[in-house]
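Engineer: Supplied in structure tokens, the structure appears directly below.
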Amino acid sequence: MEEKRILCVGLVVLDVISVVDQYPEEDTDRRCLSQRWQRGGNASNSCTVLSLLGAPCAFMGSLAPGHVADFVLDDLHRYSVDLRYLVFQTTGSIPVSTVIISEATGSRTIIHAYSFLVADFRRRGVDVSQVSWQSRGDTPCSCCIVNISNGSRTIVLYDTNLPDVSAKDFEKVDLTRFKWIHIEGRNASEQVKMLQRIEQHNAKLPLEQQIRVSVEIEKPREELFQLLGYGEVPLSHCPQVFVSKDVAKHLGFQSAAEALRGLYARVRKGATLICAWAEEGADALGPSGQLLHSDAFSPPRVVDTLGAGDTFNASVIFSLAQVRPKGNIRGS
């Protein structure tokens, strides 16, 4: 019998990464230390980390045809990611982001631009059968500038009209293949319908066979906040909700602990709320009311911070997926 996988639903983009010794001033002409293409996107990056940790995983997202899609698919396959639920759009292009990484500080600045990704997925061995190919829109692209002096990364994203995975696309997913489904918050109203389908599936199964669920709310967009309560979807397995530092600060909170205490009333009963706060570490709050804290791990050298949040999310999911709790995640 095939081992059940972890499915990540969300975005895949092409990151064009420029590594610089320090962040460039505006309206200047300078050389970068190196430049490369890299597959990006929150859900896509989490698949990479899960694969490296040894967890069978699958990716579901939208792709548009072209060289960028080929690059992305090759990379996903290299990481053995299951791609059978990719949604292939017949028009548009994959998102591209420009990422500037500073070696001086380790920061990364991202400039998003939507415009090669299936090839990269395949190259990494990522299953892309869940990708939803869209008939219109462009694939997102980001340009990344990396500063080698401090590890910073600056990302510029060109946002195109490539449709996100819909609830109709999600109906094609064979839920029996998965033990965990992670959803990157994007088109929340459609994603609530996906969660409802998971609940209907779980209702027919004993607790130990049900699919566990997590949701990431990274962007401070009002539409996404409904995912805090999962749109009132009564999931049998109480979910894990990842809230970003950006969202917490947007809502007026000044620390992870403050954000968790302030937001916990908005999640459904029994959920675990998790918030990472960069170098200050991460906190979690579950139904027991006990606030858990984990210090940040400081490596001897910061390479860059590109994908740090996606790595954190994947690591938490991987750890929790190793154990089938009898009830809610209480923390240990």
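Numbering (mature numbering (1 follows the signal peptide of the UniProt record, and there is no 0)), first residue to last: -22 to -1, 1 to 310. Each residue gets a CB set at the ideal place from its N, CA and C atoms; glycine is no exception.
(1) Note down, in chain order, each residue of its chain lying with its Cβ closer than 7 Å to the Cβ of GLY207, except the 5 sequence neighbours on either side.
(2) Can you tell me the Cα-Cα spacing of HIS271 and PRO43, whole angstroms?
(3) Take GLN(-1) and list the residues in its own chain whose beta-carbon comes closer than 7 Å to its own, dropping the five residues that flank it on each side.
(4) Taking Cβ to Cβ, would you say residue 312 is nearer than 8 Å to MET38?
(5) Let me know the secondary structure DSSP gives PHE203 once reduced to three states.
(6) Pick from PRO184, GLY103, LEU64: whose alpha carbon is nearest that of residue 373?
(7) Pull up the CB-CB distance for LEU298 and GLN218, whole angstroms please, since I reckon it's below 8 Å.
(8) Measure from the alpha carbon of SER266 to the alpha carbon of each residue in ARG239, GLY(-13), CYS253, PRO277, then state which is nearest.
(9) With 16 as the cutoff for other CB atoms within 10 Å, does HIS55 come out buried or exposed?
(10) Would you check if there are 3 or more beta carbon pairs closer than 8 Å linking the segment 66 to 76 to the segment 1 to 11?
(11) For ARG62, which of ARG131, THR26, GLY19, LEU(-16) has the nearest alpha-carbon?
(12) Just checking, does the segment 7 to 21 make contact with the segment 218 to 236 on the three C-beta pairs under 8 Å criterion?
(13) So GLU162 and GLY(-13) are in contact, right, with Cβ under 8 Å, and what is the actual spacing, rounded?
(14) Taking the beta carbon of HIS228 as the centre, do at least 16 other beta carbons fall within 10 Å, making it buried, or is it exposed?
(15) Per DSSP, what kind of secondary structure is residue 369 in: helix, strand or coil?
(16) Alpha carbon to alpha carbon, what distance is there between ILE189 and ALA33?
(17) Return the first residue and the last residue of the alpha helix (DSSP H) that ILE176 is part of.
(18) Tell me where the beta strand (DSSP E) around VAL191 begins and ends.
(19) Alpha carbon to alpha carbon, how far is ASP(-8) from ARG279? Give it in angstroms, no decimals.
(20) So the alpha helix (DSSP H) ASP142 belongs to, where does it begin and stop?
(21) Skipping 5 residues on each side, what residues in its chain have a beta carbon closer than 6 Å to that of PHE148?
(22) Quick one: Cα of ARG155 to Cα of GLN187, how far?
(23) Secondary structure at ILE295, three-state DSSP: helix, strand or coil?
(24) For a quick check, are the C-beta atoms of SER24 and ARG102 less than 8 Å apart?
(25) Assign SER93 to one of three DSSP states: helix, strand, or coil.
(26) Specify, as a first and last residue, the run of the beta strand (DSSP E) that PHE220 falls within.
(27) Which residue wins for smallest C-alpha separation from LEU185, given the options CYS35, TYR242, VAL59, CYS216?
Structural biologist: This is what the structure gives:
(1) The residues ARG244, VAL245, ARG246, in chain order, have a CB closer than 7 Å to that of GLY207 in the same chain once the five nearest residues on each side in sequence are set aside.
(2) Computed Cα separation, rounded: 44 Å.
(3) Within the same chain, GLN(-1) has close Cβ partners SER80, ALA82, ASN125, SER127.
(4) This structure gives no information on residue 312, because the portion of the chain shown stretches from -22 to 310.
(5) Assignment of PHE203 by DSSP, reduced to helix, strand and coil, places it in the helix class.
(6) Nothing about residue 373 can be reported from this structure: the residues present for the chain run from -22 to 310 only.
(7) Taking 8 Å as the upper bound for CB-CB distance, LEU298 and GLN218 are in contact here, some 7 Å apart.
(8) Comparing alpha carbon positions, the residue from ARG239, GLY(-13), CYS253, PRO277 closest to SER266 is ARG239.
(9) HIS55 counts as buried, since at least 16 other C-beta atoms from the protein chains shown sit within 10 angstroms of its C-beta.
(10) Too few Cβ pairs lie closer than 8 Å, so no.
(11) For the residues ARG131, THR26, GLY19, LEU(-16), the minimum Cα distance to ARG62 belongs to LEU(-16).
(12) Cβ pair count under 8 Å is below three, so no.
(13) With 8 Å as the limit, GLU162 and GLY(-13) qualify as a contact, their Cβ atoms being about 3 Å apart.
(14) In this structure HIS228 is exposed. Its beta-carbon is surrounded by fewer than 16 other beta-carbon atoms within 10 angstroms.
(15) Since the first residue shown for the chain is -22 and the last is 310, residue 369 is missing from the structure and cannot be characterised.
(16) One Cα belongs to ALA33, the other to ILE189, and the distance between them is close to 15 Å.
(17) The continuous alpha helix (DSSP H) containing ILE176 extends over residues 166 to 180.
(18) Where VAL191 is concerned, the enclosing beta strand (DSSP E) stretches over 190 to 195.
(19) Each residue's alpha carbon lies about 23 Å from the other.
(20) DSSP places ASP142 outside any alpha helix (DSSP H), giving it a letter other than H or E.
(21) In its chain, beyond the 5 residues on either side, MET172 have a beta carbon closer than 6 Å to the beta carbon of PHE148.
(22) Cα-Cα distance, rounded: 11 Å.
(23) Looking at ILE295 - three-state DSSP - the assignment turns out to be helix.
(24) SER24 is not a Cβ neighbour of ARG102, given a cutoff of 8 Å.
(25) The pLDDT assigned to SER93 is 35, lower than 50, so where the model puts this residue is not dependable; a value taken from the coordinates is nonetheless given after this. The answer is coil: DSSP assigns SER93 none of H, G, I, E or B.
(26) For PHE220, the enclosing beta strand (DSSP E) has its first and last residue at 218 to 221.
(27) The option with the nearest alpha carbon to LEU185 is CYS216.
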